[in-house]
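Asker: Below you'll find the structure I mean.
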Amino acid sequence: MTGYQFKLPTTPPSLVPEIIDRKPKGYQGYDWGKLYHDKDCQIRHTDKTTYPLGNITDGELLVNFTLWTSSKGKNGTIEVFHGTESIIQLYANATMITHTFKGKIVKEFPQPVNMLEKGVTLFASFRLTKYYVWSGFSSNLWGSEFSVTKYWHDTKWWDGQLFKGNGSNTLKIFGDFVTITPVIIRTLNDEDKKNFSEAYTHVVDTGHTFDLPTIYNENVTFRFYCKYKGELAEIRLYSNRKPILEWYNLEHGIATKDYAEGKTRRTEIPFIINKETKVFELNIIANKTSDTMTKYEFEINGVKYLDSTIITAVPPWKIDQIKILSKFELFDYNVTEEELKMPNKKFKKYLPDLKRFGNIVCLEGKVPKAENMTGEKSFQVYLLNGENDISEIYGGTALLLNFVFDPDNYTKLEKNITYIEGKNSALYIKSFFHTKGWGKNQTHKNPIGHTDVPVTIQIIAGEQYFNISINGATDFIHYYYLIPPWTINYAMVTGYLQDVKFLEVNDKKCLKVKEYVLPSNIAKTDKGLVEGDQIIIKGQVPNPFNGSIMVNLMHRALTAIRNVGEIIYVLYISSRHSENNAFNVSILFNIYN
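Note that UniProt numbering has the sequence shown beginning at 1, numbered continuously upward.
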């Protein structure tokens, strides 16, 4: 089951009754358009009403309708049945909305505002096939977003058994609301699917790119729900805009490509016969096999094809994009990570701003009791350059704080208490740059001291040092930085620290410091540039012009120094000539010199 949010909606305006602009008392939505006068009909209720849906084993049904909730409501249910079996149920009460698929609760979220007593309008949409159910909703209480959730059977969804067997298919609606449009039920055609594809993240043609959220660990499954339509099916995984892995089908089998080594592996299997339409689930399963290597296995409809396995130095947390490169149908995709616990669990925070000085990160957490830690009692805070995880191959570590605890050991014997003093508590600080390796440990007393205590850690960049504050202290721990602070793009916490929360700079637990502001000759864009985008720089050239003008386009950089960020393009103009150069690799330079 996956969820998305989009700006879309499909209720035909002509089907919605006239809206009277009358804001009810207590209404908190951004749009208070009201149907009729609220005083005329405050209690709205629908007894159980059944709508026949017809056959769902062939094609895809679209079901649309709009509801108007009560002003004094308590609960409501929308449910799709196959015979007596509940396929999908959506239930709302005053505090919670629950999604149940095939008898299993798959999604719950609280209602900050009870929509059943606010007289709101709710547009509902369902897409029903023998393979899946998708639901979509929008409401004037929530704003203009169209929220989509996709539901998949845990067992062999590709067999198309969801609505198979005896029994009619029905929609049942009941609760504290009324329908204010007809319940529209129709079969979708190919043109409909194209029109709705963006709203439902449903790829029906080629050339789509999806950005992935941050991946936290090394054991990950990339899952794709697909439909082969007789042509090439091709999926490629990217890191920092560079291809990493690729999967595609052959006439008599499948192939995988490892871009790091430039090798292709082919497996002859009867995956496709006579180019017939076929639905399938492709799983790319990544597992760490050593400190530097990851194994990627390829599984189709529950069967692993080991001849296609790729073992590479590229960890899954580097993968940040998926591209669909050919004409097949991608119903859905998701990324599932192994659930980790302390001390292996990781907390990551993306840091988009480029700063020469100012607050880098402020976070809080709690050190657990010593008795709840095994092995080394420690936790680590990383400031990372270029990547979202620690690696001696990719990126660098601008700062590593390693808090080690050696608590006193108390022993009680009858009325006497003795203890052994812990003497190995410390804070170790160092950094890593891939051309120089790990620097020398800088050792301090552990400023936290005890276990089973809350802690706030703030790291502030000065002109030459990182200033480290513990629990709001202004007597900083200083560390001379070897990598400029503006290179940092992620903070990460791991080890024995629980309830980790990254705080905003204006949080009262964080020290207020002077923040860096980009100078007037530097502009930053958060947009990923694509072909056809333009960068326009306006200014006035003196007359006569005897000087020069230089324009640098950089990625994750404030200054053109090598091995830190990337120089993309340089334009130089003087009174006598001009030149321009484009680069496609990081420029190397030893910043230690």
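All C-beta atoms in this analysis are idealised placements derived from N, C-alpha and C, irrespective of residue type, glycine included. Since we're looking at a predicted model, the values are computed, not measured.
Kindly indicate which three-state DSSP category Leu325 falls into: helix, strand or coil?
Answerer: Correct three-state label for Leu325: coil.
Asker: Is Leu141 near Met115, with beta carbons less than 8 Å apart?
Answerer: In this structure, Met115 lies closer than 8 Å to Leu141 by Cβ.
Asker: When DSSP builds the beta bridges, which residues end up paired with Tyr238?
Answerer: Partner(s): Pro243 and Gln321.
Asker: Count the C-beta pairs between the segment 458–478 and the segment 344–352 that are closer than 8 Å, then say yes if the count reaches three, no if not.
Answerer: No, they do not touch.
Asker: Sort Thr214, Arg186 and Ser168 by Cα distance to Glu85 and report the nearest one.
Answerer: Selected option, being the one with the closest Cα: Ser168.
Asker: Count Cβ pairs between the segment 162–177 and the segment 70–82 that sit closer than 8 Å; are there 3 or more?
Answerer: Segments in contact, yes.
Asker: Can you name the residues that DSSP bridges to Val517?
Answerer: According to DSSP, Val517 bridges with nothing at all.
Asker: With distances taken between CB atoms, is the gap from Thr277 to Lys327 smaller than 8 Å?
Answerer: Not in contact: Thr277 and Lys327 (Cβ atoms no closer than 8 Å).
Asker: Please classify Ile429 as buried or exposed, where buried requires at least 16 neighbouring CB atoms within 10 angstroms.
Answerer: Per the 10 Å Cβ criterion, buried.
Asker: Taking the C-alpha atoms as reference points, what is the distance between Ile567 and Asn249?
Answerer: The straight-line gap from Cα to Cα measures roughly 37 Å.
Asker: Tell me the DSSP secondary structure of Phe583 in three-state form.
Answerer: Correct three-state label for Phe583: coil.
Asker: Is Met550 near Leu571, with beta carbons less than 8 Å apart?
Answerer: Yes.
Asker: Is it buried or exposed, Tyr296, if we count other Cβ atoms within 10 angstroms and call 16 or more buried?
Answerer: The residue is buried, with at least 16 neighbouring Cβ atoms inside 10 Å.
Asker: I want to know whether the segment 47–54 touches the segment 94–104 - three or more CB-CB distances under 8 Å.
Answerer: No contact exists between the segment 47–54 and the segment 94–104.
Asker: Pull up the distance between the alpha-carbon of Asn580 and that of Thr187, whole angstroms please.
Answerer: Cα to Cα, the separation comes out at about 56 Å.
Asker: Taking three-plus beta-carbon pairs below 8 Å as touching, is the segment 469–483 in contact with the segment 383–400?
Answerer: Contact holds: three or more Cβ-Cβ distances are below 8 Å.
Asker: Which stretch, first to last residue, makes up the beta strand (DSSP E) that contains Phe347?
Answerer: Here the beta strand (DSSP E) through Phe347 covers Lys346 to Tyr350.
Asker: Does DSSP put Trp157 in a helix, in a strand, or in coil?
Answerer: Helix, per DSSP.
Asker: Taking the continuous alpha helix (DSSP H) assigned at Asn195, which residues delimit it?
Answerer: Start and end: Asp190 to Phe196.
Asker: Ordered along the chain, which non-local residues of its own chain (more than five positions away) have a Cβ less than 7 Å from that of Ser378?
Answerer: Asn402, Phe403, Val404, Phe405, Gly495 and Tyr496, listed in sequence order.
Asker: Classify Gln540 as buried or exposed, calling it buried when 16 or more other Cβ atoms lie within 10 Å of its own Cβ.
Answerer: Exposed.
Asker: Using 8 Å as the threshold, is the segment 503–510 in touch with the segment 378–394, meaning 3 or more CB pairs across them?
Answerer: With a cut-off of 8 Å, the segment 378–394 and the segment 503–510 do not count as touching, because too few Cβ pairs lie within range.
Asker: Flag this pair as touching only if the segment 114–128 and the segment 65–79 have three or more C-beta atom pairs under 8 Å; answer yes or no.
Answerer: Touching, per the Cβ criterion.
Asker: Whose C-beta lies closer than 8 Å to the C-beta of Gln464 among residues of the same chain, with five residues either side of it excluded?
Answerer: Contacts found: Tyr480 and Tyr481.
Asker: So, is Lys34 buried or exposed, given that buried needs 16 or more other C-beta atoms within 10 angstroms?
Answerer: Caution applies to Lys34, whose pLDDT of 45 falls short of 50 and renders its modelled position unreliable; the model cannot decide the point.
Asker: Going by C-alpha distance, which of Thr559, Ser575, Gly437 and Met554 is nearest Tyr569?
Answerer: The candidate whose alpha carbon is nearest that of Tyr569 is Met554.
Asker: Are Pro316 and Val220 close, meaning C-beta to C-beta below 8 Å?
Answerer: Yes, they are a contact pair.
Asker: So which of Ser239, Lys304 and Leu330 has the shortest CA-CA distance to Gly386?
Answerer: Of Ser239, Lys304 and Leu330, the residue nearest in Cα terms is Ser239.
Asker: Quick one, are the C-beta atoms of Tyr382 and Ala491 less than 8 Å apart?
Answerer: The answer is yes: Cβ separation under 8 Å.
Asker: By a C-beta neighbour count over all protein chains shown, 10 Å radius and 16 as the cutoff for buried, is Gly375 buried or exposed?
Answerer: Per the 10 Å Cβ criterion, exposed.
Asker: Closest by CA to Glu246, which one among Gly253, His252, Arg265 and Gly528?
Answerer: Checked all of Gly253, His252, Arg265 and Gly528; the closest Cα to Glu246 is Arg265.
Asker: If you compare alpha carbons, which of Lys355, Ser578 and Ala473 is closest to Ile522?
Answerer: Comparing Cα-Cα distances from Ile522 to each of Lys355, Ser578 and Ala473, the minimum goes to Lys355.
Asker: Checking 8 Å against the spacing of the C-beta atoms, do Ile244 and Ile311 come in under that value?
Answerer: No, Cβ-Cβ distance for Ile244 and Ile311 is not below 8 Å.
Asker: To the nearest angstrom, how far is the alpha carbon of Ile125 from that of Ser144?
Answerer: A quick correction: the sequence has Ser, not Ile, at residue 125. C-alpha separation (whole angstroms): 15 Å.
Asker: Please classify Ser139 as buried or exposed, where buried requires at least 16 neighbouring CB atoms within 10 angstroms.
Answerer: It is buried - the Cβ of Ser139 has at least 16 other Cβ atoms within 10 Å.
Asker: Since I believe Ile488 is in contact with residue 633 (beta carbons under 8 Å), could you give me their beta-carbon distance rounded to a whole number of angstroms?
Answerer: Not covered by the structure: residue 633. The range shown for the chain is 1 to 593.
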